[in-house]
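Notes follow the structure.
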Amino acid sequence: MHLTKDEVLKELERLQHDFEEKKVEVKCLESRGEFDIGGKKIKLQKGSVLQIPFWIAYMLHKEGLVEYDFLKKFNLSSVHFLTEKEKTKKALQPIDPFFYIIAKKTIEEFKEQKTISFRELERLEIELRELMTLRLNKVINMGTKSKNITSTIRNLTVEEKWLYNIVADAVEKWKIMVG
C-alpha cells in the first residue's frame with residue numbers, strides 16, 4: 003500500500019477535524035445574548051460552564067469570552083512525566099487520543115501569547131520530540147507483530163492508530179509475499 007503525500011495530509015486533516023468537533027468544557031467570562039456561530043446557537047452566561055466543540059471554544063477564547071483549561075494541562079513537567087513513563091515501561095502508555103493535536107495547539111498558543119519563556123518553549127519542544135520518538139518506535143514495533151493487540155491499541159492516539167494500521171497492513175502483505 004503506497005500512500006501519496008496528499009493522501010497522508012488529507013487523513014491528518016480529517017483527524018484534525020475530528021478533534022475540532024470534540025466537545026470541550028469552557029467557562030464563560032462574559033454574558034452575551036444568543037448568537038449564531040458556524041450554524042450553532044450559543045448563549046453565554048458569565049460564570050457558567052458549557053460543553054461546546056473545540057473550534058467554537060477556540061474562537062470564543064481568542065475573543066476573551068471564555069476560558070478553557072484542558073490545554074493548561076500540557077506543560078513541560080507533564081510532557082516530561084509522560085516521557086519518563088514511556089522510557090521506563092515496555093508497553094505503550096495511555097495518553098489522550100488527541101495528544102499531538104493538543105500539543106500543537108498549545109505550542110501555537112504559547113508562541114502567539116508569549117506565555118512561557120523562549121528557553122522553556124525550546125525545552126518543551128525537545129521533550130515532546132523525545133516522547134514522539136519513543137512512542138513512534140513502539141507503534142512501529144507493534145505494527146510488525148500480529149494485528150489487533152486490543153489492550154495496547156486503546157493507548158494509541160488517533161494519529162498513532164492510523165500509522166499502526168498502515169504498518170500492520172504492510173507487514174501482513176509482506177509476510178504473505180515472502181512466506
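Positions 3 to 181 (the working numbering) are the ones given, in order, by the sequence shown. Just so it is clear, CB atoms sit at the ideal spot from N, CA and C, and this is done for glycine as well. Quick caveat, the model's predicted, so the values are computed rather than measured.
- Beta-bridge partners of L52 (DSSP): V28.
- The alpha-carbon separation between F120 and L130 amounts to approximately 15 Å.
- Of the residues assessed, M179 falls on the exposed side of the cut-off, its CB having fewer than 16 other CB atoms within 10 angstroms.
- By the Cβ criterion, the region 23 to 38 is in contact with the region 60 to 71, since at least three pairs of Cβ atoms, one from each stretch, lie closer than 8 Å.
- In the structure shown, L130 falls within a helical segment according to DSSP collapsed to helix, strand and coil.
- The three-state reading of DSSP puts L67 in coil, since its state is none of H, G, I, E or B.
- The three-state secondary structure of K91, taken from DSSP, is coil.
- The continuous beta strand (DSSP E) containing F37 extends over residues 34 to 39.
- For K43, the pairing in a beta bridge is given by DSSP as D38.
- Assignment of alpha helix (DSSP H) within the region 137 to 181, counting only whole runs of 4 or more residues, yields 152 to 155, 160 to 180 in chain order.
- Three or more beta-carbon pairs separated by less than 8 Å are not found between the region 40 to 48 and the region 80 to 96, which leaves the two stretches without contact.
- Residue environment for L158: buried (at least 16 other C-beta atoms within 10 angstroms of its C-beta).
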